[in-house]
Amino acid sequence: MISDKLYPLWGRRVRVDGTFSGCGGHGRSLRFENIIDCETGEVLRDHTWIKSNEFSFRMRVGDTVSFETRIYSYEKLIGQLRMLGFGFGSCSRFWCESRDNRVSLWNPGAALEVAA
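Numbers in the numbering used here are just positions in the sequence shown, counted from 1, shifted up by 89.
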């Protein structure tokens, strides 16, 4: 049995909230923590990585970001074991609550600022 909380949402579009906590892979992916389903209030993931090209604005570490996303599946390899994984993709309809209330274009080359 698959115990991933995203499994029942597989293929659906959902609205989620998360806290931006930084980027990795030379700015190619963004890390979000405390991913919450806006409809149920349930925590779906403690953290996730999403491709930076999914987002069209710059965020500061600590900003709360809300967006619609499609739950997709992928195959992941752990040693010789193949497993079904679930993630977030096709993100749209963004809303960002920044500590300074500014939303601007995402720039993966810019230095990250930490929200106070």
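Even glycine gets a Cβ: it sits at the ideal position worked out from N, Cα and C. Just so we're clear, the structure is a prediction, and the values are computed from it rather than from any experiment.
Near residue i, which residues of its chain fall below 6 Å by C-beta distance, leaving aside the five closest residues on each side in sequence?
i	result
residue 184	155
residue 93	175
Which two residues bound the contiguous beta strand (DSSP E) that contains residue i?
i	result
residue 126	118-126
residue 65	Nothing in the structure corresponds to residue 65, since the chain is present only between 90 and 205.
Based on the DSSP output, what are the partners of residue i in its beta bridges?
i	result
residue 172	165
residue 106	125, 155
residue 149	Paired residues: none, contrary to the question.
To which residues of the same chain is residue i closer than 8 Å at the C-beta, ignoring the five residues directly before and after it?
i	result
residue 137	107, 120, 121, 124, 176, 177
residue 127	103, 104, 105, 106, 155
residue 101	159, 160
residue 166	172
Between the alpha carbons of residue i and residue j, how many angstroms are there, rounded?
i	j	result
residue 142	residue 118	8 Å
Cutting at 7 Å between CB atoms, please list the residues of its own chain near residue i, excluding the five before and the five after it.
i	result
residue 95	133, 160, 175
residue 139	118, 119, 121, 177, 180
residue 163	174, 176
residue 171	164
residue 182	156, 157
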